[in-house]
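Participant:
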Ligand SMILES: Cc1cc2nc3c(=O)[nH]c(=O)nc-3n(C[C@H](O)[C@H](O)[C@H](O)COP(=O)(O)OP(=O)(O)OC[C@H]3O[C@@H](n4cnc5c(N)ncnc54)[C@H](O)[C@@H]3O)c2cc1C
């Protein structure tokens, strides 16, 4: 049976989240602590406490850790509402990269790691990073991983350089991908490590200047300089990092889609308001077909994106990995929502590129969405190969 009904209880919660974001979070969009390198930790903590007070913090987490263990479909509905402001997911502790990292940890962390890293992250007391991308190694192709880990039977020593590492500045928990060199004790290959951030071997060279500003701490260039970690820092098994990354990526790319859908809707609502009131050539601009068609195209895109997200979520809720469908969704939604934001800028005329409205920030922030968790071309490359295989 195909059923698109949103259960009444979920609809109530969705509306409550949207109202929370509008009333309590949107006012912070003009807070100076929302810097060119993203919200500061101080701002994040203030927002987190607001969500905590409303019992809206980390609602997606497993019930055993104090969350509500939302299904993927439930997440789609709630995250879309949270995404009305780019600060909404930050407040509710369901923003990237923490949301995906918490999901991964909930799947593969051992009990000690859950206690030390995951539980405080769920409680909003710890930020986390996922360090994979490298200037000369892993990127679109994680198989090019260059950061190396040698193992002497007791400790790993990690050396390498990463960049675009979101939230590096100030994160207390680090998930690091490095390639374990051949050794007599353990299998070699791409491996995940889990450690505290305040280690002498983790050097944050700088925070990069980027177009976007919705991620706490911005994006860092990081060096691992003889970072020594005990065997207990292994996250899962050696040689399994790419498999674990896939485990994280399918849901994580969908949650990006969900949050950005909410932001695109916000842009559309601002453009619609403008089109209803601004006049040109004797009528409101919305009465000009050129403008109403842009708004109609937006409405069509928002609807298509929502359905695409829901379908992949439905598959995952029914036990399917949905790797193909989440790739389709990521490629489609990231491209379409960016077009929505672009049309909203156009409808707003000159103020579209100014910070008179939040559309300009959403437009810039959304541009990056087409790159992370797989650039569009990489998803199309995978989709194309599947099409050609015929399976
Ligand atoms: C805002 C933001 C946040 C990020 N946060 C993190 C983070 O927290 N941790 C982390 O590890 N990384 C992070 N990244 C990095 C992100 O995962 C990479 O940017 C992404 O994987 C692409 O790698 P790359 O930048 O090295 O691009 P490259 O690998 O250099 O690729 C460049 C371009 O080549 C093209 N291309 C590549 N492969 C193919 C193909 N098969 N077919 C056709 N065209 C292709 C694509 O157009 C691609 O955009 C972040 C990136 C951004 C933009």
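Residue numbers (the working numbering): 42 to 432.
The beta-carbon is built from N, C-alpha and C at its ideal position, and this holds for glycine as well.
Counting C-beta neighbours from all protein chains within 10 Å, is the total for residue 433 16 or more, i.e. buried, or is it exposed?
Facilitator: Only positions 42 to 432 of the chain appear in the structure, and residue 433 is not among them; the question remains open.
Participant: Applying the 10 Å Cβ sphere with the 16-neighbour rule, what's the burial state of residue 181?
Facilitator: The count along the chain shown starts at 1 and reaches residue 181 at position 140. Residue 181 should be labelled exposed.
Participant: From the DSSP output, in three-state form, read off residue 319 for me.
Facilitator: On the chain shown, residue 319 is found 278 positions in, with the first residue counted as 1. If DSSP states are grouped into helix, strand and coil, residue 319 belongs with coil.
Participant: What is the DSSP secondary structure of residue 250, counted as helix, strand or coil?
Facilitator: Counting from 1 along the chain shown, the entry for residue 250 is found at position 209. Three-state result, residue 250: coil.
Participant: Between the C-alpha atoms of residue 221 and residue 206, what's the straight-line distance to the nearest angstrom?
Facilitator: As a working mapping, residue 221 is identified with position 180 in the chain shown. As a working mapping, residue 206 is identified with position 165 in the chain shown. Cα-Cα distance, rounded: 21 Å.
Participant: Residues in the same chain with beta-carbon distance under 8 Å from residue 174, minus the five sequence neighbours each way, listed in chain order, please.
Facilitator: Start at 1 with the first residue of the chain shown, and residue 174 comes out as number 133. The residues are 180, 203, 204, 205 and 206.
Participant: Please determine, among 171, 91, 214 and 376, the residue with the shortest C-alpha to C-alpha distance to residue 290.
Facilitator: Within the chain shown, residue 290 is the residue found at index 249, counting from 1. Among 171, 91, 214 and 376, the Cα nearest to that of residue 290 is on 171.
Participant: From the DSSP output, in three-state form, read off residue 305 for me.
Facilitator: In the chain shown, counting from the first residue as 1, residue 305 sits at position 264. Residue 305 falls in the helix class under three-state DSSP.
Participant: What is the DSSP secondary structure of residue 260, reduced to helix, strand or coil?
Facilitator: In the chain shown, counting from the first residue as 1, residue 260 sits at position 219. Three-state DSSP puts residue 260 in a strand.
Participant: Does DSSP classify residue 202 as helix, strand or coil?
Facilitator: Locating residue 202 in the chain shown gives position 161, where the first residue counts as 1. In the structure shown, residue 202 sits in a strand (DSSP, three-state: E or B).
Participant: Could you check if residue 272 is buried or exposed, using at least 16 other CB atoms within 10 Å of its CB as the buried criterion?
Facilitator: As a first step, residue 272 is located in the chain shown; it is residue number 231 there, counting from the start. Residue 272 should be labelled exposed.
Participant: When every heavy atom of ligand 1 is checked, does at least one fall within less than 7 Å of the C-beta of residue 419?
Facilitator: Position 378 of the chain shown holds residue 419. At least one heavy atom of ligand 1 is nearer than 7 Å to the Cβ of residue 419, so yes.
Participant: According to DSSP, simplified to helix, strand and coil, what is residue 79?
Facilitator: Start at 1 with the first residue of the chain shown, and residue 79 comes out as number 38. Three-state DSSP puts residue 79 in a strand.
Participant: Confirm the yes/no value for this check: CB of residue 314, any heavy atom of ligand 1, distance under 7 Å.
Facilitator: Walking along the chain shown from the start, residue 314 turns up at place 273. Checking every heavy atom of ligand 1 against the Cβ of residue 314, none is found closer than 7 Å.
Participant: Given 7 Å as the limit, tell me if residue 58 has its C-beta closer than that to any heavy atom belonging to ligand 1.
Facilitator: Residue mapping note: residue 58 aligns to position 17 of the chain shown, counting from 1. No, the Cβ of residue 58 stays beyond 7 Å of every heavy atom of ligand 1.
Participant: Regarding residue 415 and ligand 1, is the C-beta to nearest heavy atom distance less than 7 Å?
Facilitator: Numbered from 1 along the chain shown, position 374 holds the residue referred to as residue 415. Within the cutoff, so yes.
Participant: Please tell me whether residue 276 and residue 235 are closer than 8 Å, where the distance is taken between their beta carbons.
Facilitator: Working through the chain shown from its first residue, we reach residue 276 at position 235. Working through the chain shown from its first residue, we reach residue 235 at position 194. Yes, the Cβ-Cβ distance between residue 276 and residue 235 is below 8 Å.
Participant: With a threshold of 7 Å, establish whether the CB of residue 297 neighbours any heavy atom of ligand 3.
Facilitator: Ligand 3 is not part of this structure, which contains only ligand 1.
Participant: Who pairs with residue 125 in a beta bridge, going by DSSP?
Facilitator: Indexing the chain shown from 1 puts residue 125 at position 84. According to DSSP, residue 125 bridges with nothing at all.
Participant: Specify, as a first and last residue, the run of the beta strand (DSSP E) that residue 170 falls within.
Facilitator: Position 129 of the chain shown, counting from 1, holds the residue named residue 170. Looking at the DSSP string, the run of the beta strand (DSSP E) that includes residue 170 is 169-172.
Participant: Excluding five sequence neighbours on each side, which residues of the same chain lie with their C-beta closer than 7 Å to the C-beta of residue 185?
Facilitator: As a position in the chain shown, residue 185 is number 144, starting the count at 1. Contacts found: 178 and 179.
Participant: Could you pull the DSSP bridge partners for residue 155 from this structure?
Facilitator: Taking the first residue of the chain shown as position 1, residue 155 is located at position 114. DSSP output for residue 155 lists no bridge partner at all.
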